[in-house]
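Novice: Have a look at the structure that comes next, please.
Residue numbers (full-length UniProt numbering): 1 to 421.
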């Protein structure tokens with residue numbers, strides 16, 4: 001059996017309800033939509049967490065990451081990736097040449113994501129001076145953050161690095177490698193700041209792009225941001241332009257790599273909030289649909305254990321990839337899936353259980369259940385919570401509790417082992 005070449009494309013902060021094939025009324029994702037029509041789309045794909053580091057750690061291992069500390073601490077994802085092994089490591093063991101092009105700092109080698117890759121370009125640490133700036137930024141130094149962001153803006157690095165600045169490197173790498181290959185590209189084009197070239201802007205002007213990126217920057221550390229309806233729409237406009245630009249990356253990859261006949265798999269690592277619940281962005285954990293419901297599309301149909309319209313976690317991506325390498329592995333789609341995250345600002349654990357049409361979100365603090373919200377999903381995001389007396393609330397509650405108990409047990413065992421060692 002011939003092993004297929006695989007191209008995995010991750011889009012940062014890409015909401016499901018801003019994609020055409022999932023019902024959006026703007027033409028933001030024509031190439032992704034075409035891929036969905038020709039291949040297979042999973043309309044109820046859920047990120048395992050609402051931020052890049054825990055979401056991608058779960059996606060690359062097939063196991064949700066359980067941690068109770070700041071996302072900036074690299075030890076947690078490093079340990080998780082080492083303990084469970086990564087998709088790249090598994091494919092490398094099967095004879096694949098593996099490469100990654102990833103300007104996202106929170107999925108960089110600093111966090112352990114280079115495991116299993118023969119070539120891993122994260123565009124970081126070109127000098128010892130910059131490595132010091134980066135590490136001090138992660139230590140929440142405001143001065144170092146300003147220096148880092150200014151440096152990156154001038155050089156178009158990290159969050160400011162658009163796909164058109166490194167796609168030639170991707171093509172050069174592919175043409176110089178033996179087959180089969182596994183290629184991972186992490187596009188930051190859909191992440192704030194939304195820096196869309198003029199020829200790709202459809203809903204915003206240059207002035208609006210810079211002004212509303214500046215407004216977004218003001219909102220990063222705010223809870224309950226003061227935003228007018230006009231401001232929200234303008235922020236959505238620059239976001240949608242960035243999606244449209246990011247979508248062109250998919251087209252360019254398909255054109256440039258056509259002779260290698262790869263299977264493409266594209267998805268969002270998490271979503272983005274626009275004030276739906278007085279939160280902007282994804283900088284603080286939130287398991288509502290706007291932050292965890294994402295697109296997931298394969299360029300070719302595949303056999304699944306379950307209806308593709310059922311909820312599926314991104315932790316099934318390793319099985320989707322392996323399906324195209326062995327034709328036997330199948331992703332599993334059950335009646336529900338889970339998302340989990342830790343809110344360090346409020347020191348609480350968040351867990352959500354998502355079925356096709358329902359959802360429950362619960363939070364715990366100091367081991368005590370502090371809130372439970374149950375929803376009958378109406379459209380793309382949650383509406384008004386149902387009463388705690390509802391039958392649906394009672395149906396989902398045991399599933400959420402079991403997940404919390406499971407995570408508490410993992411943390412307890414981990415703590416005991418650490419103390420013993």
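Note that beta-carbon positions come from the ideal geometry of N, C-alpha and C, so glycine has one too. On a predicted model such as this, the values are computed, not experimentally measured, just so you know.
Contact defined as beta carbons within less than 8 Å: I believe residue 290 pairs with residue 15. What is the distance between those atoms, to the nearest angstrom?
Specialist: About 6 Å separates the two Cβ atoms, so the contact holds.
Novice: Could you work out which residue in 268, 273, 242 is closest to residue 232 when comparing CA atoms only?
Specialist: Per the Cα distances, 273.
Novice: Under a three-way DSSP split, which group does residue 35 fall into?
Specialist: The answer is helix: DSSP assigns residue 35 an H, G or I state.
Novice: Between which two residues does the alpha helix (DSSP H) harbouring residue 326 extend?
Specialist: From DSSP, the alpha helix (DSSP H) with residue 326 extends over 317-326.
Novice: Tell me which same chain residues have a C-beta within less than 7 Å of the C-beta of residue 197, skipping the five on either side of it?
Specialist: So the qualifying residues of the chain are 245.
Novice: Could you pull the DSSP bridge partners for residue 361 from this structure?
Specialist: 352, 373, per the DSSP bridge assignment.
Novice: Over what stretch of residues does the alpha helix (DSSP H) that includes residue 119 continue unbroken?
Specialist: That residue, residue 119, is in no alpha helix (DSSP H); its beta strand (DSSP E) goes 119-121.
Novice: Beta strand (DSSP E) containing residue 111: first to last residue?
Specialist: Note, residue 111: premise wrong, no beta strand (DSSP E); not H, not E.
Novice: If you check the beta carbons only, do residue 53 and residue 65 fall under 9 Å apart?
Specialist: Taking 9 Å as the Cβ cut-off, residue 53 and residue 65 qualify as a contacting pair.
Novice: Please state whether the Cβ-Cβ distance between residue 45 and residue 398 is less than 9 Å.
Specialist: No, Cβ-Cβ distance for residue 45 and residue 398 is not below 9 Å.
Novice: Out of curiosity, what's the CA-to-CA distance linking residue 428 and residue 98?
Specialist: There is no way to answer for residue 428, as the model of the chain reaches only from 1 to 421.
Novice: State yes or no: is the C-beta of residue 267 within less than 9 Å of the C-beta of residue 300?
Specialist: No, the pair does not count as a contact, with Cβ atoms beyond the cut-off.
Novice: Give the straight-line distance between the Cα atoms of residue 312 and residue 204, rounded to the nearest whole angstrom.
Specialist: Approximately 34 Å, taken between the alpha carbons.
Novice: What beta strand (DSSP E) runs, 3 residues minimum, are completely inside the segment 264-320?
Specialist: Segments of the beta strand (DSSP E) lying fully in the segment 264-320: 296-298.
Novice: Looking at C-alpha atoms only, which residue of 315, 383, 184, 22 is the closest neighbour of residue 333?
Specialist: Looking at the Cα atoms, 315 is the closest of the given residues.
Novice: Restricting to Cα atoms, I'd like to know which of 223, 212, 253, 242 is closest to residue 234.
Specialist: Residue 234 has its Cα closest to that of 212, out of 223, 212, 253, 242.
Novice: Sort 317, 350, 387, 37 by Cα distance to residue 446 and report the nearest one.
Specialist: Residue 446 lies beyond the stretch modelled for the chain, which goes from 1 to 421, so this question has no answer here.
Novice: Measure how close the beta-carbons of residue 82 and residue 76 come, nearest whole angstrom, since I'm counting them as under 8 Å.
Specialist: Their Cβ separation, rounded to whole angstroms, is 11 Å, which puts residue 82 and residue 76 out of contact at 8 Å.
Novice: In whole angstroms, what is the alpha-carbon distance linking residue 163 and residue 183?
Specialist: Whole-angstrom Cα-Cα distance: 15 Å.
Novice: Taking the continuous beta strand (DSSP E) assigned at residue 175, which residues delimit it?
Specialist: Where residue 175 is concerned, there is no enclosing beta strand (DSSP E), although the alpha helix (DSSP H) it sits in stretches over 167-175.
Novice: Check whether the segment 163-176 touches the segment 87-95, counting contact only when three or more Cβ pairs, one atom from each stretch, lie closer than 8 Å.
Specialist: Cβ pair count under 8 Å is below three, so no.
Novice: Candidates 177, 282, 374: which alpha carbon is nearest residue 47's?
Specialist: Cα-wise, what sits closest to residue 47 is 282.
Novice: Under 8 Å by Cβ, that's how I've got residue 238 and residue 293 pegged, so tell me the actual separation to the nearest angstrom.
Specialist: Incorrect: roughly 21 Å between the Cβ atoms, too far for contact.
Novice: Could you compute how far the alpha carbon of residue 304 sits from the alpha carbon of residue 207?
Specialist: For residue 304 and residue 207, the distance between alpha carbons rounds to 47 Å.
Novice: According to DSSP, is residue 408 helix, strand or coil?
Specialist: The answer is helix: DSSP assigns residue 408 an H, G or I state.
Novice: In chain order, what are the residue ranges of uninterrupted alpha helix (DSSP H) at least 4 long that sit wholly in the segment 70-109?
Specialist: Those alpha helix (DSSP H) runs which fall completely within the segment 70-109 and span 4+ residues are 74-84, 87-93.
Novice: Looking only at DSSP bridge pairs, what is residue 184 linked to?
Specialist: In DSSP, residue 184 forms a bridge with 8, 100.
Novice: Does residue 190 come out as helix, strand or coil in the three-state DSSP assignment?
Specialist: Coil at residue 190, not helix or strand.
Novice: With distances taken Cα to Cα, identify the nearest neighbour of residue 358 among 328, 286, 383.
Specialist: Residue 383 is the option with its Cα nearest to residue 358.
Novice: Could you please give the first and the last residue of the uninterrupted beta strand (DSSP E) stretch that includes residue 341?
Specialist: Per DSSP, residue 341 belongs to the beta strand (DSSP E) from 337-343.
Novice: Give the DSSP-derived three-state secondary structure of residue 224 in the structure shown.
Specialist: In the structure shown, residue 224 sits in coil (DSSP, three-state: anything other than H, G, I, E or B).
Novice: Can residue 12 and residue 189 be called in contact, C-beta distance under 9 Å?
Specialist: Against a cut-off of 9 Å, the Cβ pair of residue 189 and residue 12 comes out as a contact.
Novice: For residue 2, count neighbouring C-beta atoms within 10 Å of its own C-beta (all shown protein chains included) and say buried if the count is 16 or more, exposed if not.
Specialist: Exposed.
Novice: Let me check one thing: in DSSP terms, what residues is residue 41 bridge-paired to?
Specialist: Answer is 297.
Novice: Confirm, please, whether the CB-CB distance from residue 249 to residue 320 is below 9 Å.
Specialist: In this structure, residue 249 does not lie closer than 9 Å to residue 320 by Cβ.
Novice: Note down the Cα distance separating residue 338 from residue 373, rounded to an integer number of angstroms.
Specialist: For residue 338 and residue 373, the distance between alpha carbons rounds to 15 Å.
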